[in-house]
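In our numbering, the protein residues as written are 8 to 487.
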C-alpha cells in the first residue's frame with residue numbers, strides 16, 4: 008500500500024479533488040441558497056480553482072498511484088480543454104436554466120463530477136483507472152441529458168443514451184478483460200509488450216482490439232455506432248448538448264490516444280485498416296445526413312459525427328503532424344462549438360426555441376452582432392479561413408498526405424466541401440431571409456462572456472496559431 012500511495016499522488020489529482028469538493032459544496036448550498044443562479048457562480052469558482060492547481064502542474068511530469076496515472080503535458084493539455092468546455096458550458100447555463108425553471112445545484116455538481124471523470128481519463132495509463140473515469144463521466148452525463156424532467160424528449164433521450172451507453176461500456180469492458188487475460192496486467196505499457204510478443208494475427212488479440220475499438224467508436228459517435236447522438240443532442244438541455252459536443256467528445260478522444268498509440272499499438276496494421284473505413288463512413292454519413300436536417304440541434308449533431316471522422320485521420324496517419332492535429336483540433340472545436348451553441352441558447356432566451364433553421368431567418372436584420380458571430384463560428388466549423396477551423400483541418404489533411412493516405416485526404420476534402428452546403432443553409436437563413444421577429448435580443452453576462460471567449464480564441468488561433476500548435480505538439484509527443 009505504501010508503494011502504491013505517496014504524498015505527491017495527492018498533488019497529482021489536486022485539480023480533480025477541487026472539482027469533487029466544489030461539487031459536494033454545491034449539493035449542500037442548494038439547500039441553503041434561495042437565489043439559484045449563485046450556484047452557477049460557485050461552480051465557476053470551482054472550475055477556476057481546479058485550473059489554478061492544473062497550472063501548477065503544467066511543467067511537471069511524474070507517475071502517480073503506482074503507475075496507474077501519469078502527470079504529463081498530454082494529460083495537462085486535455086484537462087485544460089475539459090475545464091474550458093465545462094466552464095463555458097456553465098456560463099451559458101446560468102440564464103438558460105432560469106428559463107427552463109430547472110436551476111438546481113445538482114446540475115452544476117454533475118457537470119463538475121463529469122469533468123472530474125474526464126480528467127482521470129486523460130491521466131490514466133491503466134485500464135482500471137481509465138474505466139472508473141469513463142463511467143464517472145458517463146453516468147453524470149446520462150443524468151444531465153434527462154435533466155429537463157418535465158420534457159418527454161429529454162427523458163427519452165436520456166433513456167436511449169443510457170441503454171446504448173451501458174451496452175457499449177459492456178463491449179469495451181469485454182475487450183479490456185481480453186487484454187488483461189493476454190497480458191496479465193492492466194498497465195498500457197505491459198499490455199503493449201505482451202501483444203508485441205504474440206503472433207501478429209493472433210485471433211484473441213484481434214478480438215480484443217475489435218471489441219475495444221467498437222466500444223470506443225460508440226463514445227466518439229463514429230459510424231455505425233452513432234445512432235444515439237441526434238436523439239441525445241436534440242433532447243438534452245441545449246447547454247448540456249454544448250457540454251457533450253466539446254468536453255465529452257474531447258475526453259473520449261483523449262482516451263483513444265492512450266489506448267491506440269500505447270496499449271494496442273503493436274496491432275496498428277490491423278486497427279488502422281478498421282479506423283480508415285470508420286473514418287470515411289463517419290465523415291460521409293455525418294455530412295450527408297446533416298444536409299437533410301431542418302432541426303438545428305440534429306444538424307449540429309450530425310456535424311459533430313462528421314468531425315469525429317476527420318479527427319480519426321490523425322490516428323491513421325500516426326506521425327507527429329497527425330498526432331499534433333488531434334489535440335489542436337479538439338481545442339479549436341471546443342471554442343468554435345461553444346460559440347455556435349451560445350447563439351442557439353441566446354435565441355431560446357427570447358421565447359424562440361431556436362431549434363429550427365427557419366427560426367434563424369432574418370437574424371442579421373434582427374440581431375446583426377449575433378448573426379456575424381454565428382457566421383464566424385460556422386466558417387470555422389466548415390474549415391474556411393481565417394477562423395481557426397481551417398488550421399485544424401489543414402493539419403489533419405497534411406498528415407494524411409505526408410503518410411501516403413492520399414485517397415483518404417481526397418475523401419476528407421470532398422466531405423469538407425459537402426459540409427459547406429449545410430453550414431451555409433444557416434448563413435442563407437440569417438442573411439437572406441426576411442425577419443419574422445422584431446424584439447431585441449438580451450444577453451446575460453454569462454452568455455456574453457462565453458461568446459467573447461469563444462470569439463477571441465477562434466479568431467486568435469486562426470490568425471496566430473503557433474503557440475497553440477506548439478502546445479498541441481508537446482502534448483502529442485508525451486502521449487506514448
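Each residue gets a CB set at the ideal place from its N, CA and C atoms; glycine is no exception. None of these values were measured; they are calculated from a predicted model.
For residue i, the three-state DSSP class (helix, strand or coil)
i           : result
residue 374 : coil
residue 363 : strand
residue 392 : coil
residue 229 : coil
residue 265 : helix
residue 108 : coil
residue 451 : coil
residue 410 : coil
residue 234 : coil
residue 41  : coil
residue 15  : helix
residue 139 : helix
residue 20  : coil
residue 154 : coil
residue 399 : helix
residue 368 : coil
residue 241 : helix
residue 98  : helix
residue 207 : coil
residue 405 : helix
residue 508 : In this structure the chain extends from 8 to 487, so residue 508 is not present and cannot be described.
residue 92  : helix
DSSP bridge partner residues for residue i (one or two, in chain order)
i           : result
residue 305 : Answer is none; residue 305 lacks a bridge partner.
residue 71  : 76
residue 133 : 194
Range of the contiguous beta strand (DSSP E) that encloses residue i
i           : result
residue 435 : Element bounds for residue 435: not the beta strand (DSSP E) but the alpha helix (DSSP H), 413-439.
N-terminal and C-terminal residue of the alpha helix (DSSP H) that residue i is part of
i           : result
residue 224 : 210-226
residue 176 : 159-190
residue 125 : 112-130
residue 57  : 44-63
residue 344 : 327-355
residue 293 : 275-298
residue 474 : 473-484
residue 270 : Run containing residue 270: none; DSSP gives neither H nor E here.
residue 252 : Unbroken run through residue 252: none, as it is neither H nor E.
Alpha-carbon to alpha-carbon, residue j and residue i
i           : j           : result
residue 181 : residue 134 : 12 Å
residue 330 : residue 129 : 15 Å
residue 357 : residue 333 : Its pLDDT being 47, under 50, residue 357 is placed unreliably in this model, and the value from its coordinates should be taken loosely. Going from the Cα of residue 357 to the Cα of residue 333 covers about 37 Å.
residue 474 : residue 337 : 15 Å
residue 313 : residue 406 : 18 Å
residue 17  : residue 394 : 40 Å
residue 90  : residue 80  : 15 Å
residue 28  : residue 39  : 17 Å
residue 54  : residue 61  : 10 Å
residue 131 : residue 75  : 6 Å
residue 307 : residue 425 : 14 Å
residue 114 : residue 34  : 9 Å
residue 375 : residue 51  : 29 Å
residue 49  : residue 210 : 52 Å
residue 231 : residue 274 : 22 Å
residue 260 : residue 413 : 23 Å
Cβ-Cβ separation, residue j to residue i (assumed contact under 8 Å), whole Å
i           : j           : result
residue 249 : residue 96  : 5 Å
residue 102 : residue 453 : 7 Å
residue 364 : residue 303 : 6 Å
Heavy atom of the ligand NAP within 7 Å of residue i beta-carbon
i           : result
residue 482 : Although the ligand NAP was asked about, the structure shown includes no ligands whatsoever.
Minimum Cβ-Cβ distance from residue i to chain C less than 8 Å
i           : result
residue 112 : The displayed structure is made up of one protein chain only, and chain C is not part of it.
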